[in-house]
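**Q**
Put into structure tokens, the structure is as follows:
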């Protein structure tokens with residue numbers, strides 16, 4: 106397979122002549138002699154078999170073919186610059202790809218803030234952030250499918266830093282029949298009604314969480330869907346308070362007056378599977394997440 110007949114230097118020279126409006130000004134910008142710039146363009150036209158400029162008076166103007174080649178050449182040079190920048194990022198220790206697995210209990214707005222900051226600091230790193238439920242992050246850690254994990258389960262052989270404690274509340278929509286009983290509730294009151302639960306995203310070690318003795322269940326795959334289901338009166342659930350602040354504040358969703366078990370807590374941990382081999386992006390991600398949750402109340 107033969108390579109290109111033209112060089113990036115020729116295309117760079119061509120773009121400079123167009124941008125500067127003349128061979129003379131292009132020569133100044135490129136720190137070359139005008140004769141060298143002229144020769145480069147002539148050689149390029151010869152190799153391409155097409156005229157890119159025509160001289161009108163003292164000004165070099167693009168031909169129709171030259172206009173098309175200018176647009177393509179600009180993309181070519183921009184891509185070459187991005188490629189060099191990416192190579193410098195990798196040489197400086199930024200990973201080409203960063204895989205994050207995050208338990209859905211972690212506030213999504215906080216994670217999005219962290220991802221925004223991370224993208225700004227390592228723009229050439231491809232970031233993948235996967236949401237998980239219950240054993241999903243644990244499974245990703247054990248199978249070495251992530252570089253950073255936020256999980257409620259620290260598997261054997263891993264160490265994690267405690268991030269935050271999330272409060273769960275037994276809740277239902279304000280007009281749900283459970284709120285119409287007018288008294289404190291126990292598990293026997295809950296049993297006849299539908300419980301909304303979020304499915305474990307793990308495959309090998311699926312777990313259930315929370316009281317699950319209701320006659321009927323609605324199982325969903327996302328925390329947001331479970332909150333919306335409860336808000337519509339589909340059923341009751343134990344939901345993280347931090348994820349339904351607006352619904353609680355408006356009174357659309359109300360805590361159930363449980364005699365016991367109305368509140369429970371879950372801890373989240375931040376894990377780098379192999380800190381010794383962690384790259385700059387993984388370490389920066391860890392720092393952003395810790396800073397973001399320092400004053401977060403859940």
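Residue numbers (this note's numbering): 106 to 403.
Using N, Cα and C, we set each Cβ at its ideal position, and we do this for glycine too.
Keep in mind that this is a model prediction, so the values were computed, not measured.
Determine the DSSP secondary structure at residue 137, reduced to helix, strand or coil.
**A** Counting from one through the chain shown, the residue named residue 137 turns up at place 32. DSSP places residue 137 in coil when its eight states are reduced to three.
**Q** Please tell me whether residue 299 and residue 356 are closer than 7 Å, where the distance is taken between their beta carbons.
**A** Position 194 of the chain shown, counted from the first residue, corresponds to residue 299. Position 251 of the chain shown, counted from the first residue, corresponds to residue 356. Cβ distance not < 7 Å, so residue 299 and residue 356 don't count as in contact.
**Q** Determine the closest residue to residue 305 out of 160, 240, 149 and 319, with distance taken between C-alpha atoms.
**A** Your numbering for residue 305 matches position 200 in the chain shown. Closest by alpha carbon: 240.
**Q** Would you decide whether residue 180 is buried or exposed? Buried here means 16 or more other CB atoms lie within 10 Å of its CB.
**A** Sequence index remark: in the chain shown, residue 180 carries index 75 (1-based). It is exposed - the Cβ of residue 180 has fewer than 16 other Cβ atoms within 10 Å.
**Q** Please name the residue or residues paired with residue 270 in a DSSP beta bridge.
**A** Locating residue 270 in the chain shown gives position 165, counting from the first residue. Note: residue 270 sits in a beta bridge opposite 372.
**Q** Three-state secondary structure (DSSP) at residue 258?
**A** The residue labelled residue 258 in the question sits at position 153 within the chain shown. Correct three-state label for residue 258: coil.
**Q** Got a sec, what are the start and stop residues for the beta strand (DSSP E) residue 330 sits in?
**A** Working through the chain shown from its first residue, we reach residue 330 at position 225. Residue 330 -> not in any beta strand (DSSP E); alpha helix (DSSP H) instead, spanning 328-336.
**Q** What alpha helix (DSSP H) runs, 4 residues minimum, are completely inside the stretch 122-174?
**A** Within the stretch 122-174, the complete alpha helix (DSSP H) runs of at least 4 residues are 128-135 and 139-153.
**Q** Once DSSP output is grouped into helix, strand and coil, what is the label at residue 294?
**A** Here residue 294 is taken as the residue at index 189 of the chain shown, counted from 1. In this structure, residue 294 counts as helix in the three-state DSSP scheme.
**Q** On the DSSP bridge assignment, give the partners of residue 278 in chain order.
**A** Your numbering for residue 278 matches position 173 in the chain shown. Per DSSP, 358.
**Q** Which complete beta strand (DSSP E) runs does the stretch 207-250 hold, if anything under 3 residues is left out?
**A** Entirely contained in the stretch 207-250, the beta strand (DSSP E) runs reaching 3 residues are, in chain order, 231-237.
**Q** Indicate whether the contact test is met: 3 or more Cβ pairs, each with one atom in the stretch 331-348 and one in the stretch 263-279, closer than 8 Å.
**A** Touching, per the Cβ criterion.
**Q** Measuring CB atoms only, is the stretch 223-231 touching the stretch 198-206, in the sense that at least three cross pairs come out at less than 8 Å?
**A** Yes, the stretch 223-231 is in contact with the stretch 198-206.
**Q** So what does DSSP say about residue 119, is it helix, strand or coil?
**A** Position 14 of the chain shown, counted from the start, is the residue given in the question as residue 119. Helix, per DSSP.
**Q** Using the C-alpha atoms, what's the distance from residue 268 back to residue 171?
**A** Within the chain shown, numbered from 1, the residue matching residue 171 stands at position 66. Within the chain shown, numbered from 1, the residue matching residue 268 stands at position 163. Computed Cα separation, rounded: 58 Å.
**Q** Under a three-way DSSP split, which group does residue 288 fall into?
**A** Position 183 of the chain shown, counting from 1, holds the residue named residue 288. Three-state DSSP puts residue 288 in coil, outside helix and strand.
**Q** Residues in the same chain with beta-carbon distance under 7 Å from residue 284, minus the five sequence neighbours each way, listed in chain order, please.
**A** Walking along the chain shown from the start, residue 284 turns up at place 179. Excluding residues within five positions, the ones whose Cβ falls inside 7 Å are 277 and 359.
**Q** When DSSP labels each residue in this structure, what does residue 342 get in the three-state scheme?
**A** On the chain shown, position 237 is the one that residue 342 refers to. It is a strand residue.
**Q** Are residue 123 and residue 175 touching if we call contact CB-CB under 7 Å?
**A** If you number the chain shown from 1, residue 123 lands on position 18. If you number the chain shown from 1, residue 175 lands on position 70. Cβ distance < 7 Å, so residue 123 and residue 175 count as in contact.
**Q** Measure the C-alpha to C-alpha separation of residue 404 and residue 348 and round it to an integer number of angstroms.
**A** Nothing about residue 404 can be read from this structure; the chain reaches only from 106 to 403.
**Q** Thinking C-alpha only, which one of 320, 243 and 258 is nearest residue 251?
**A** For the purposes of this step, residue 251 is taken as the residue at position 146 of the chain shown. If we check each option's Cα against that of residue 251, 243 comes out closest.
**Q** Short of 8 Å in beta carbon distance, which residues of its chain neighbour residue 110, apart from the five on each side in sequence? Order them along the chain.
**A** Position 5 of the chain shown, counted from the first residue, corresponds to residue 110. So the list reads 152 and 153, once near-sequence residues are dropped.
**Q** Pick out whichever of 159, 116, 164 and 147 has its Cα sitting closest to the Cα of residue 130.
**A** In the chain shown, the residue the question calls residue 130 occupies position 25. The option with the nearest alpha carbon to residue 130 is 164.
**Q** Residue 389 lies in the alpha helix (DSSP H); which residues open and close that run?
**A** Numbered from 1 along the chain shown, position 284 holds the residue referred to as residue 389. Note, residue 389: alpha helix (DSSP H), 385-398.
**Q** Within a Cβ cutoff of 8 Å, which residues of the same chain sit near residue 247, ignoring the five residues on either side of it in sequence?
**A** Looking up residue 247 in the chain shown gives position 142. Only 260 meet the Cβ criterion.
**Q** Assign residue 347 to one of three DSSP states: helix, strand, or coil.
**A** The residue labelled residue 347 in the question sits at position 242 within the chain shown. Three-state result, residue 347: helix.
**Q** Between the Cα of residue 209 and those of 222, 238 and 186, spot the shortest distance and give me the residue it belongs to.
**A** Start at 1 with the first residue of the chain shown, and residue 209 comes out as number 104. Closest by alpha carbon: 238.
**Q** Residue 361: buried (16+ other C-beta within 10 angstroms of its C-beta) or exposed?
**A** The residue labelled residue 361 in the question sits at position 256 within the chain shown. By the 10 Å Cβ count, residue 361 comes out buried.
**Q** Going by the CB atoms, is the gap between residue 265 and residue 374 shorter than 7 Å?
**A** Within the chain shown, numbered from 1, the residue matching residue 374 stands at position 269. Within the chain shown, numbered from 1, the residue matching residue 265 stands at position 160. Yes, the Cβ-Cβ distance between residue 374 and residue 265 is below 7 Å.
**Q** Can you grab the Cα-Cα spacing for the pair residue 168 / residue 224, in whole Å?
**A** Residue mapping note: residue 168 aligns to position 63 of the chain shown, counting from 1. Residue mapping note: residue 224 aligns to position 119 of the chain shown, counting from 1. Their backbone Cα atoms lie some 41 Å apart in a straight line.
**Q** Just verifying my parser: in three-state terms, what is the DSSP assignment at residue 205?
**A** Position 100 of the chain shown, counted from the first residue, corresponds to residue 205. Looking at residue 205 - three-state DSSP - the assignment turns out to be strand.
**Q** If we ignore side chains and look at the alpha-carbon of each, how far apart do residue 147 and residue 178 end up?
**A** For this step, residue 147 is matched to residue 42 along the chain shown. For this step, residue 178 is matched to residue 73 along the chain shown. Each residue's Cα considered, the two are about 16 Å apart.
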